[in-house]
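Everything on this sheet refers to the single structure shown next.
Number of protein chains: 2
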Amino acid sequence: MKLTTKGRYAVTAMMDLALHAKIGCVSLVDVSERQNISLAYLEQLFRSLKKSGLVNSIRGAKGGYMLAKGDKEISLADILVAADEQINLACGGSACSENTPCLTHGLWTNLSNQFYEFLDSKSLNDLVKSRDVQTMATMQDVTQIGNIPVQISK
Amino acid sequence: MKLTTKGRYAVTAMMDLALHAKIGCVSLVDVSERQNISLAYLEQLFRSLKKSGLVNSIRGAKGGYMLAKGDKEISLADILVAADEQINLACGGSACSENTPCLTHGLWTNLSNQFYEFLDSKSLNDLVKSRDVQTMATMQDVTQIGNIPVQISK
DNA sequence: CCGATACCCGAGTAAATCACTCAGGTTTTA
DNA sequence: TAAAACCTGAGTGATTTACTCGGGTATCGG
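Residue numbers (our numbering), protein chains in the order written: chain A, 184 to 337; chain S, 184 to 337.
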């Protein structure tokens, strides 16, 4: 039971967008530097996020990404699902088919649903509000000399 | 967020033991046939379960495995952990080290703990009691001509 | 209008993990 | 003593992961 880094990165990146929502749109270069994630990987990731309608993009210089909905309308589950992170513990292999389900088939679908409910109950806003994240975020912005709008030299 | 088949098999197998606890010990051949899991794989799996103290074994003909504790003392979490199924969604890669944790580090350790609590609150007995499992189990035993104690011919 | 910035896209790939299998044991019972 | 069963280490093909690469195309400032 583990999460792929893709799912984890997706949540991190979405939080970054949420934290800098006031600026308008955020470039992946910024996200990459702040969150320490490879740019190429982020681009690939944001394709999925966009396809799922979680973010909008603006092309060209001064472009970037922004949340397609409000903070509170996006859940952890939404993000994970968008990042191909299926929240499904159930079986689909050889030992368990539709007509001859295994002993635990019901159990896992049940648990999966409960996990989904749980993850769907946490909004991006909930996450961003947390004290932990707030302090980390300001630290990140300060480290970025000059903060966001200016950014003169490399 | 998915479960490996190893974890799933472990739970299935443990439930099989629990369901046939009255017989004394259960051979892996029986479990293999009833639950449709490769014998060799089960043997490998039961090494882990034994090492973790969840089952005891009796060697030789008429031998087999049995639960090392009561139904109610064994949790889903216990079984999954024994089957090398770590219940940990947190990061440990490049983007996130101890001194420079990523934005979401706290979030994932938090979630992991909640998941663990949840899985630890479900005992093997809880699972076995469920209507679903009961009916499936009797079906499995009936299909096995002659049921458990007798088992004359192959 | 040109070059820099940034999004967009398909494909490829090394490393890791998974889901097993195999080939041998050793112990116990009938 | 043969069969049943547990025990063990090692190997392996397939799949998935976590990326990278090499090209685009749109937009803005000068």
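For each residue, glycine too, the CB sits at the ideal point set by N, CA and C.
Think of a sphere of 9 Å around the beta carbon of Ile-270(S): the chain A residues whose beta carbon falls inside it are Met-184 and Lys-185, in chain order. Below the 7 Å Cβ cutoff, chain S contributes no neighbours of Asp-267(A), its closest Cβ being approximately 11 Å away. Rounded to whole angstroms, the separation of the alpha carbons of Thr-195(A) and Leu-232(A) is 12 Å.
Cβ-Cβ distances below 7 Å link Ala-201(A) to Leu-250, Asp-254, Leu-307 and Val-311 in the same chain, with the five nearest sequence neighbours on each side left out; the list follows chain order.
DSSP, reduced to helix, strand and coil, places Leu-302(A) within a helical segment of the structure shown.
Here the segment 256 to 273 of chain A lies against the segment 284 to 303 of chain A, with 3 or more beta-carbon pairs under 8 Å apart.
Residues of the segment 195 to 216 of chain S with a Cβ closer than 8 Å to any Cβ of chain A, in chain order: Thr-195, Met-198 and Asp-199. Here Gly-190(A) carries a helix assignment [DSSP, helix/strand/coil].
Identification of chain S residues near Val-238(A) by a Cβ-Cβ cut-off of 9 Å yields none; the smallest Cβ-Cβ distance measures about 17 Å. With a cutoff of 9 Å on beta-carbon distance, Val-212(S) and Asp-199(S) are scored as not near each other.
At least one C-beta of chain A is nearer than 9 Å to the C-beta of Phe-298(S). For the alpha helix (DSSP H) assignment, the uninterrupted runs of no fewer than 4 residues enclosed by the segment 203 to 286 of chain A are, from N- to C-terminal side, 211 to 218, 222 to 234 and 259 to 265. Scanning chain S for C-beta atoms nearer than 7 Å to the C-beta of Asp-315(A) yields Gly-289, reported in chain order. With a 10 Å radius around the Cβ and a threshold of 16 neighbouring Cβ atoms, Met-319(S) comes out buried. Put simply, of Leu-302(S), His-288(S), Ile-262(S) and Ser-304(S) the residue whose alpha carbon is nearest the alpha carbon of Lys-234(S) is Ile-262(S). Separation of the CB atoms of Gly-246(A) and Cys-208(A) is rounded to 7 Å, and the pair is thereby assigned contact status at 8 Å. Annotation: the continuous alpha helix (DSSP H) that includes Lys-312(S) extends over 307 to 312. Here Ser-304(S) is exposed. Its C-beta has fewer than 16 other C-beta atoms within 10 Å.
Look at Asn-219(S): its C-beta is under 9 Å from a C-beta on chain A.
By the CB criterion at 9 Å, Arg-191(S) and Trp-291(A) fall inside the cutoff. Around the beta-carbon of Ser-221(S), fewer than 16 other beta-carbon atoms lie within 10 Å, marking it exposed.
Counting other Cβ atoms within 10 Å of its Cβ, Ile-241(A) stays below 16 and is therefore classed as exposed. Within the model, the alpha-carbon separation for Met-322(A) versus Asn-239(A) is close to 27 Å. Using a Cβ-Cβ cut-off of 8 Å, Leu-286(S) is close to Thr-195, Met-198, Asp-199, Gln-218, Val-316, Met-319, Ala-320 and Gln-323 of chain A, given in chain order.
For Leu-263(S), the neighbours in chain A by C-beta distance under 9 Å run, in chain order, Met-184. Residue-level contact check: Phe-229(S) does not touch chain A, since none of the beta carbons of chain A fall below 9 Å from its beta carbon.
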